[in-house]
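Notes for the one structure printed next.
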Amino acid sequence: MTWSSARSQKVTYALILILSGVTALLAYPLVYPDRSLFRQGEHAWQAGRESDAMSLYAQALANGLNRSHALYRMVTEALQAGDMPLAEQALARLTDNASRARLRASDLLPVAGALDAAGRYDLASALLEHHANLFPEDWSSALYRADLLRRSQRYDDAEGIYRAVRDAAPAQVARVAALQWAEMLGWQERFAAAEELLREQLDADPLDRDARILFGRILFWSGRLDEAISEYQQALGETK
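Oh and the sequence shown: position 54 is 54 in full-length UniProt numbering, straight run, nothing missing.
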């Protein structure tokens, strides 16, 4: 009798667990329609049904999707599918949610790279700007953003970032900022300012081959050919 009662109790518990699982499965799309639609979109994408995936992702956004990892993925896949409007919508949701969601560099940089590759320097820069507001000492992201800005000819904005990184970052990062900044000044034909930056770098480290080669390039651009050749020769001599 005792065994029968215990067995009956176990069966009852098992049925309750099964029913709870089924109920949760059925209720999930009703409770979290945005996540359910996103997952359906993921499956469609993996199955090669790009159009269906984009449609489901758009529905997920319309239902309030705001999970950072999902939005990162949506931006990247929308770019791959050539759906720029959807990519822009997902990016806007991501940046609007930035104060509440942790923007991880491991996720962010590939998305910024995808935007960069698609020629959308403005969107890539906007994404990195939001990241910088939360993580001002992420120097790699700061340098990437400065490079995006200089390539889109927003030189003043880029210069502000380069100056801040050079003055605050560790020595090796500050060196990269100074070299990229000097190169940008050369593009602008601000040769005297570029030369000053590079002389400071070479005074600190006369064996900095990259700085010396860039110095030679700046001199060449400014028409000082003999001096440029001399700098190139020194750089080559230091590698022997």
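Cβ atoms here follow ideal geometry from the backbone N, Cα and C, with glycine treated the same way.
(message) Do A62 and V75 have their beta-carbon atoms positioned less than 7 Å apart in this structure?
(response) The sequence position of residue 75 within the sequence shown is 75, counting from 1. The sequence position of residue 62 within the sequence shown is 62, counting from 1. Going by C-beta atoms, V75 is not nearer than 7 Å to A62.
(message) Let's see if you can read the secondary structure: which residues bound the alpha helix (DSSP H) around G119?
(response) The residue you call residue 119 lines up with position 119 of the sequence shown. Taken as a continuous stretch (DSSP letters only), G119 belongs to no alpha helix (DSSP H), as it is neither H nor E.
(message) Pairs of beta-carbons, one from the segment 217-228 and one from the segment 179-186, closer than 8 Å: are there three or more?
(response) yes
(request) Kindly list the residues whose CB is nearer than 6 Å to the CB of A193, restricted to its own chain and excluding five residues on each side of it in sequence; keep chain order. (result) Residue 193 sits at position 193 when you count from the first residue of the sequence shown. The answer, listed in chain order, is L185.
(request) Answer with buried or exposed for L134, where buried requires no fewer than 16 other C-beta atoms within 10 angstroms of its C-beta. (result) Position 134 of the sequence shown, counting from 1, holds the residue named residue 134. Label assigned to L134: exposed.
(request) Going by CA-CA distance only, name the one from H130, Y232, R145 and A44 that's closest to R209. (result) What you label residue 209 is simply residue 209 of the sequence shown in a count that begins at 1. R209 has its Cα closest to that of Y232, out of H130, Y232, R145 and A44.
(message) Can you find the residues in the same chain that come closer than 8 Å, C-beta to C-beta, to D167, ignoring five residues on each side of it along the sequence?
(response) By 1-based counting over the sequence shown, the position of residue 167 is 167. So the list reads A174, once near-sequence residues are dropped.
(request) Give every residue of the same chain whose Cβ lies closer than 7 Å to the Cβ of D34, excluding the five residues on either side of it in the sequence, and list them in chain order. (result) In the sequence shown, counting from the first residue as 1, residue 34 sits at position 34. Answer for D34: A60, N63, G64 and L65, listed in chain order.
(request) Report, in whole angstroms, the separation of the C-beta atoms of L79 and A118, which I expect to be a contact under 8 Å. (result) Locating residue 79 in the sequence shown gives position 79, counting from the first residue. Locating residue 118 in the sequence shown gives position 118, counting from the first residue. Indeed they touch by this definition, with Cβ atoms about 5 Å apart.
(request) Check each candidate in V111, R93 and F38 and name the one with the smallest Cα separation from L56. (result) The count along the sequence shown starts at 1 and reaches residue 56 at position 56. When only C-alpha atoms are compared, the closest one is F38.
(request) Using alpha carbons as the reference points, say which of S51, A58, A44 and A112 lies closest to D147. (result) What you label residue 147 is simply residue 147 of the sequence shown in a count that begins at 1. That would be A112, whose Cα lies nearest to the Cα of D147.
(request) Using a Cβ cut-off of 7 Å (strictly closer), state whether V173 contacts chain D. (result) Checking the listed chains, one finds no chain D in this structure; it contains a single protein chain.
(message) Just to confirm my understanding: we take T95, look at its own chain, exclude 5 residues before and 5 after, and list those with CB closer than 8 Å. What are they?
(response) Sequence index remark: in the sequence shown, residue 95 carries index 95 (1-based). Excluding sequence neighbours, T95 sits near A126, L127 and H130.
(request) Keeping to the same chain, check which residues put their C-beta closer than 7 Å to that of D156; ignore five residues upstream and five downstream. (result) Along the sequence shown, one-based indexing puts residue 156 at 156. Nothing meets the Cβ criterion.
(message) Classify W187: buried if its beta carbon has 16 or more other beta carbons within 10 angstroms, exposed otherwise.
(response) Residue mapping note: residue 187 aligns to position 187 of the sequence shown, counting from 1. The residue is exposed, with fewer than 16 neighbouring Cβ atoms inside 10 Å.
(request) With a cut-off of 8 Å on the beta carbons, I'd call A169 and A177 a contact; round off their distance for me. (result) Indexing the sequence shown from 1 puts residue 169 at position 169. Indexing the sequence shown from 1 puts residue 177 at position 177. A169 to A177, Cβ: 7 Å. Contact.
(message) Suppose you measure from the CA of A124 to the CA of R145; what does that come to, to the nearest Å?
(response) Position 124 of the sequence shown, counted from the first residue, corresponds to residue 124. Position 145 of the sequence shown, counted from the first residue, corresponds to residue 145. Rounded to the nearest angstrom, the two C-alpha atoms are 8 Å apart.
(message) Please state whether the Cβ-Cβ distance between A142 and L149 is less than 7 Å.
(response) Indexing the sequence shown from 1 puts residue 142 at position 142. Indexing the sequence shown from 1 puts residue 149 at position 149. Not closer than 7 Å, so no.
(request) For Q40, I'd like the list of residues in its chain whose CB is within less than 8 Å of its CB, leaving aside the five on either flank, ordered along the chain. (result) The sequence position of residue 40 within the sequence shown is 40, counting from 1. Here the set comprises L56.
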